[in-house]
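Engineer: Next up is a structure, given as structure tokens.
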Amino acid sequence: MYATTPVLCLGPVETPADVKALRALAYNVAYELGRPAVWVTDTDHTVMDYAAVYVTGDATSLRDASTLVLLGEALVADMDIHEPLAADEVVTCDCGLVHRHTRPVVDAQGVVWCANCLGDDACSWCGEELDTEAAEIVESGNGFYPVHAACLAGIRRDASTSRLHASA
Ligand SMILES: [Zn+2]
Ligand SMILES: [Zn+2]
Numbered sequence: 229m230y231a232t233t234p235v236l237c238l239g240p241v242e243t244p245a246d247v248k249a250l251r252a253l254a255y256n257v258a259y260e261l262g263r264p265a266v267w268v269t270d271t272d273h274t275v276m277d278y279a280a281v282y283v284t285g286d287a288t289s290l291r292d293a294s295t296l297v298l299l300g301e302a303l304v305a306d307m308d309i310h311e312p313l314a315a316d317e318v319v320t321c322d323c324g325l326v327h328r329h330t331r332p333v334v335d336a337q338g339v340v341w342c343a344n345c346l347g348d349d350a351c352s353w354c355g356e357e358l359d360t361e362a363a364e365i366v367e368s369g370n371g372f373y374p375v376h377a378a379c380l381a382g383i384r385r386d387a388s389t390s391r392l393h394a395s396a
């Protein structure tokens with residue numbers, strides 16, 4: 229359905245505020261990385277379907293999360309698990325993209341490279357390179373998908389089609 233592998237966002241989902249924080253993380257990760265970010269409230273997911281894991285809090289805050297088992301599976305699978313950045317870890321790329329939730333690549337010269345400047349970002353729909361500033365972030369189900377404005381129609385059509393199938 230989508231051209232790029234999403235990342236998985238995990239965190240406590242016991243209260244509406246927890247869910248709001250998790251959803252916000254997914255949106256921001258999708259924006260900063262230029263790739264799909266999916267957040268989940270149950271364990272009916274395969275962590276290997278995702279490229280990396282982002283969490284809303286440290287290990288202690290996740291201890292009672294109902295989705296903790298997914299974090300365990302990600303650890304066992306040796307996946308990249310990204311904890312939240314501290315306030316003094318916020319980094320801005322030369323292009324202006326601010327990393328509040330993800331860590332950009334910093335090369336040997338100390339130069340910051342965001343996914344956009346590296347060309348690592350991609351439209352979730354067509355797979356072509358994306359310009360983060362011009363990207364649209366589409367919410368579909370529990371995921372946020374960065375797409376070209378021109379690809380919006382395609383992703384919306386597909387999303388409504390899959391809903392029809394699901395209810396049939
Ligand atoms: Zn940049
Ligand atoms: Zn596209």
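Position in the sequence shown (first residue = 1) + 228 = my numbering.
Note that CB positions come from ideal geometry on N, CA and C, so glycine has one too.
Just so it is clear, the structure is predicted and the values come from calculations on it, not from any experiment.
According to DSSP, is T320 part of a helix, a strand, or is it coil?
Structural biologist: DSSP places T320 in strand when its eight states are reduced to three.
Engineer: Who sits around ligand 2, taking every residue whose Cβ is closer than 6 Å to one of its heavy atoms?
Structural biologist: My final list is C351, W353, C354, E356, V375, H376, C379.
Engineer: For the region 231–286, list the beta strand (DSSP E) runs that are entirely contained and at least 3 residues long, ordered along the chain.
Structural biologist: If we require 3 residues or more, the beta strand (DSSP E) runs fully inside the region 231–286 come out as 235–238, 265–267, 281–283.
Engineer: Helix, strand or coil for G338? Go by DSSP, reduced to three states.
Structural biologist: Correct three-state label for G338: coil.
Engineer: Could you tell me whether the region 232–247 touches the region 273–284, where touching means 3 or more Cβ pairs closer than 8 Å?
Structural biologist: As far as the Cβ criterion goes, the region 232–247 touches the region 273–284, which means the pair count is three or higher.
Engineer: Tell me the rounded alpha-carbon separation between L380 and E357.
Structural biologist: Cα-Cα distance, rounded: 15 Å.
Engineer: In the structure shown, what three-state DSSP assignment does E361 receive?
Structural biologist: It is helical.
Engineer: Rounded to a whole number of angstroms, what is the C-alpha to C-alpha distance between I365 and A336?
Structural biologist: For I365 and A336, the distance between alpha carbons rounds to 32 Å.
Engineer: Beta-carbon within less than 7 Å of V334's beta-carbon, same chain only, minus the 5 sequence neighbours each way: which residues are those?
Structural biologist: Counting only Cβ-Cβ distances below 7 Å, and skipping sequence neighbours, we find V340.
Engineer: Do the region 258–276 and the region 287–305 make contact, defined as three or more Cβ pairs closer than 8 Å?
Structural biologist: Touching, yes, given that three or more Cβ pairs across the two stretches are closer than 8 Å.
Engineer: When you compare only the Cα positions, how much space is there between V257 and Y373?
Structural biologist: Each residue's alpha carbon lies about 10 Å from the other.
Engineer: Three-state secondary structure (DSSP) at E356?
Structural biologist: Looking at E356 - three-state DSSP - the assignment turns out to be coil, as it is neither helix nor strand.
Engineer: Which residues share a DSSP beta bridge with I309?
Structural biologist: Paired residues: V281.
Engineer: Thinking C-beta only, is W267 closer than 8 Å to R251?
Structural biologist: Yes, Cβ-Cβ distance for R251 and W267 is below 8 Å.
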